[in-house]
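Counted from 1, the sequence shown has number 205 at position 144 by the working numbering; the numbering is strictly sequential.
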Amino acid sequence: MFGGEDMLGKVLEELFIRIWVVIKLTLYFWIYTFVGGIIFGLGTAWKTVNELFYLYGFEYKEIMLKRGWNIYKRNFLRGNLLFGLFLSSTALLSYNLYLSVQIKGLIFLAIDFILLFALFCLFATYQYSMILDSEYTISVPNLLKLSFISVFSSFSSFLKIIIGSGVIIAVTWQFKGLILFGVIGLLTVWNGTMTKQWREELDKQLESYE
């Protein structure tokens, strides 16, 4: 009886820790975003919370505002560069998709699917770049190449990122309170967890070349 209560207590404790980490990461994201004046804060804030989760996982006591601030300052230019590249590429592909769907025909329908798939790949590449940039010290061009390769090297991880992120965004659309307290943390935790297996395989492959 008492053993079952202890187990239930541990499960609830782990659940609350995970919920608190999600909330904490989301709140930190918005703080760092506003510090950067929103426009110049979004990309670096996103990179910061990804690095915090990569470094400390669910060790919620280690995820501190001051530590995040140090990461934020160190990665301000790099975070904005990566976000700017992602945003401009997304805008370009989205505009072309918008134009393409206006035209009827089998060829343009195929183009629609290609552009949509390209948008998914771009989103996944950006997510990988946030995570891999926390793990490796490499130039931006090499980071983007490695992130793009990662998308196609683990198709199951790619699907998990796209489907999981889609579900999180859909739920957030229904429950707007998650915008302030959950969506960023959920995306960070989900994408970081779903890519862990591939990152471990990548580490082994890189070690074999050393």
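We put the beta carbon where it would ideally sit given N, CA and C, even for glycine.
Excluding the 5 residues preceding and the 5 following residue i in the sequence, name in chain order all residues of the same chain whose CB lies nearer than 6 Å to its CB.
| i | result |
| --- | --- |
| W251 | G225 |
| I132 | T109, E112 |
| Y187 | F147 |
| L123 | What sits at residue 123 in the sequence shown is Glu, not Leu. The residues are Y117. |
| G129 | Y89, T109, L113 |
| K134 | none |
| G145 | none |
| I92 | none |
Return the CA-CA distance between residue i and residue j, expressed in angstroms with no decimal places.
| i | j | result |
| --- | --- | --- |
| I164 | N157 | 11 Å |
| K221 | M255 | 7 Å |
| G140 | A106 | 8 Å |
| G97 | S149 | 19 Å |
| F236 | L267 | 42 Å |
| I168 | L176 | 12 Å |
| T162 | S155 | Correcting the residue type first, residue 162 is Val in the shown sequence and not Thr. Those two C-alpha atoms are separated by around 11 Å. |
| W81 | Y121 | 7 Å |
| L143 | P202 | 10 Å |
| L241 | G166 | 42 Å |
| K206 | S269 | 19 Å |
| N136 | E262 | 26 Å |
| I230 | I245 | 10 Å |
| L76 | L160 | 45 Å |
| T94 | T151 | 20 Å |
| D194 | L204 | 7 Å |
| G70 | G227 | 32 Å |
| I192 | G253 | 7 Å |
| S208 | S190 | 5 Å |
| G238 | Y197 | 35 Å |
| D173 | T233 | 26 Å |
| V72 | S200 | 41 Å |
| V74 | L138 | Note that residue 74 corresponds to Glu in the displayed sequence, not to Val. Roughly 38 Å separates the two Cα atoms. |
Whose C-beta lies closer than 8 Å to the C-beta of residue i among residues of the same chain, with five residues either side of it excluded?
| i | result |
| --- | --- |
| I223 | F181, F184, A185 |
| W259 | S211, S214, S215, S218 |
| M62 | The predicted position of M62 is uncertain, since its pLDDT is 49 and thus under 50; a value taken from the coordinates is nonetheless stated next. There are no such residues. |
| A171 | none |
| R79 | F119, V250 |
Between residue i and the rest of its own chain, which residues show a CB-CB distance below 7 Å, the 5 nearest in sequence each way excluded?
| i | result |
| --- | --- |
| M68 | none |
| A179 | L154 |
| K265 | none |
| M125 | none |
Inspect the CB distances between the stretch 239-250 and the stretch 85-104 and report whether three or more fall short of 8 Å. yes
In chain order, what are the residue ranges of uninterrupted alpha helix (DSSP H) at least 4 long that sit wholly in the stretch 185-266? 201-214, 216-235, 239-242, 244-255
Kindly confirm or deny that the stretch 113-131 and the stretch 97-105 touch, where touching means at least three C-beta pairs closer than 8 Å. no
Mind pulling the alpha helix (DSSP H) runs of 4 or more residues that sit fully within the stretch 144-179? none
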